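Just below is one structure, and these are the notes that go with it.
Numbering (this note's numbering), first residue to last: 59 to 707.
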């Protein structure tokens, strides 16, 4: 249906749900979608992204998953739906190509579109017509190992204007329709080689502006504290707590006579810079970023004055002050421990909150939506609080638990706890819930530190889910690995200092991965910090495999079954990942006595000559044992026997 929304602009293609869900299936759960409406700005029709209430939103903010965005589009008076480019991780960022035919004929446009599809081999990925029908968007994933590539000035052979946006940081969005262009794929695919061909054919102009030049020479005037990068805000707050002089200078500025050792404002500026340089060096920041952050911090303080930007030859007073602080402030000494001390030393083993599964540190628990992650975390919390075995199998160290439930209401928690407890009573003062926390890199770790100091005996803290405990603003440099690393770094340090186990609930990406670690959503920066990893992956016949990895726990794979209200422990995962015929043999083979090959053939419905080879395979896996000549028994008592499985309680 064609819809007139603004003079000179027609919407020919409205969003279609099914094609969009298929095309962007790997991104549906990520907060990268928004509705948009057409508004007149500077006399021109402009597509303005909005929240579900119709308020404009920035492309740098977190948006919404597809389901919430579609619901808003259906209910509200919006023109369409958009998606942010740059969405993704180190496995691949979402990139886009915008083809505009408004200055040429439709025939020329289609010839250029065919050129991109066939000659540049973008045929395997998804392409759609724009809302007006006068252009097209091509989407693809790329790792961008050579850095971002943006080129908005390409003119194709038949006159079509082409813009390419291969970026890591969310700076731009495209409208989406689902109106697939014939000859292209139905789903967004990887096109790294194709992107390299475009980059060679249409090279971009590189900026040669140095970092410090942009950071200091280009910036003028004061800035607000809340506009500082979140990590810099945290460092300033920590320094202010430890150093009353630094706190006074930041909040009040220079006052004559306030400090005898600082008789002038220039010396106050220098002291402030030296203190900040020392704090940043302790946190292992690179020198160029220390210069940038020190400049920003002083501009946010009451010390700032126009003199900071005054020229002193080729530099400014501010830059000269920072450079002198860098020269006069020593680097923190390297701390060393002799190897003989490590070899002869006695170390306390890490605290095991759930024996063999959950130890002190950060444990990342990943699973698909509605896979039972919250039920598993709640069950772990109840078991630790009550001191009863987790999943009826794993011993726990009784302790207090703090559960951050960012997405559940008290009503839903009430029902879940009742189900998990059954007829048991939860001891008072053992399990606590909270529904709000500052971002981990924006004061959240400090909040947790203060809580743990005030509530001794807390052994487990659950964050459910991680995305609600992350900073809303993305890093300006688009480095997703470092952003993910910083998200959990402070939490890991707190876990070490307090010997606390943090269970962090997270999502898996929808793309299949050969290793469970690679299935966790986000970059490998998360896994680099996490001490342990739980991954819930579905298997056939309603079974879920819990993959356990960690620095201080054994690598294990367990089979579980989720019934919608809790988990049942089935045993080692190996039997549940066998071929159907091997599973049939295990299911009918008794574990408490042995039977002959002939008896087994009758039970399994297989010829004896086939069974011999399959039994050898099962014996190699230590799943079957041979007793005497020609008699066999199972070593998996719970397999195929629901009564042999462990249920909570």
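Note that beta-carbon positions come from the ideal geometry of N, C-alpha and C, so glycine has one too. All of these numbers come straight from a predicted model, not from anything done at the bench.
One Cα belongs to residue 590, the other to residue 221, and the distance between them is close to 43 Å. Selection 351, 503, 513 and 538 evaluated against residue 521 yields 503 as nearest (Cα-Cα). For residue 441, there is no enclosing beta strand (DSSP E); the residue is part of the alpha helix (DSSP H) that begins and ends at 431-444.
Sequence-distant partners of residue 341 (beyond 5 residues in either direction) whose C-beta falls short of 7 Å from its own C-beta, in its chain, are 293.
Leaving aside the five residues that flank residue 478 on each side, the residues in its chain whose CB is nearer than 7 Å to its CB run, in chain order, 436, 437, 440, 624 and 706. Taking a contact to require three or more Cβ pairs closer than 8 Å, the region 200-220 and the region 73-89 do not qualify as touching. Pairwise C-beta distances place the region 587-606 in contact with the region 427-434, as three or more of them are shorter than 8 Å. When DSSP states are grouped into helix, strand and coil, residue 630 belongs to the strand group.
Look at residue 221 here: in three-state DSSP terms it is strand. Rounded to whole angstroms, residue 462 and residue 674 show a C-alpha spacing of 49 Å.
The shortest CA-to-CA distance from residue 498 to any of 564, 548, 455 and 382 is the one to 548. Counting only runs that start and end inside the region 519-566, the beta strand (DSSP E) elements of at least 3 residues fall at 559-565.
For residue 594, the enclosing beta strand (DSSP E) starts and ends at 590-597. Burial state of residue 476 is exposed, judged by a 10 Å Cβ sphere holding fewer than 16 other Cβ atoms. By the 16-neighbour rule on beta-carbons within 10 angstroms, residue 371 is exposed.
Within the model, the alpha-carbon separation for residue 587 versus residue 543 is close to 6 Å. Annotation: the continuous beta strand (DSSP E) that includes residue 231 extends over 231-234.
Beta bridge pairing from DSSP links residue 209 with 222. In the displayed model, residue 485 falls within coil according to three-state DSSP, outside both helix and strand.
Remark: C-beta atoms of residue 563 and residue 523 approach each other more closely than 8 Å. Residue 420: member of the beta strand (DSSP E) spanning 419-425, first to last residue. Between the region 666-681 and the region 614-623 there are fewer than three inter-stretch CB-CB distances shorter than 8 Å, so the stretches are not counted as touching. Here the alpha carbons of residue 454 and residue 446 stand approximately 7 Å from one another.
Annotation: residue 136 is outside any beta strand (DSSP E) and is labelled neither H nor E by DSSP.
Setting aside the 5 residues that flank it on each side, residue 557 is surrounded in the same chain by 409 and 418, each with a C-beta closer than 6 Å to its C-beta; the list follows chain order.
Nearest C-alpha to residue 486 among 443, 506, 474 and 518: 443. In the structure shown, residue 450 adopts coil according to DSSP, grouped into three states.
Counted as a single uninterrupted DSSP element, the stretch harbouring residue 184 is not any beta strand (DSSP E), since DSSP gives it neither H nor E. In the three-state reduction of the DSSP assignment, residue 492 falls in the strand class. With fewer than 16 neighbouring CB atoms inside 10 Å of its own CB, residue 394 falls in the exposed class. One Cα belongs to residue 513, the other to residue 345, and the distance between them is close to 39 Å. Look at residue 119 here: in three-state DSSP terms it is coil, with no helix or strand label. Straight-line spacing of the CA atoms in residue 538 and residue 154 works out to 19 Å. Between residue 84 and residue 567, the CB-CB gap stays under 8 Å.
Excluding sequence positions up to five before and after residue 158, its CB lies within less than 6 Å of the CB of 193 and 219, all in the same chain and listed in chain order. Exclusion of the five residues before and after residue 116 leaves no residue of its chain whose Cβ lies closer than 6 Å to its Cβ.
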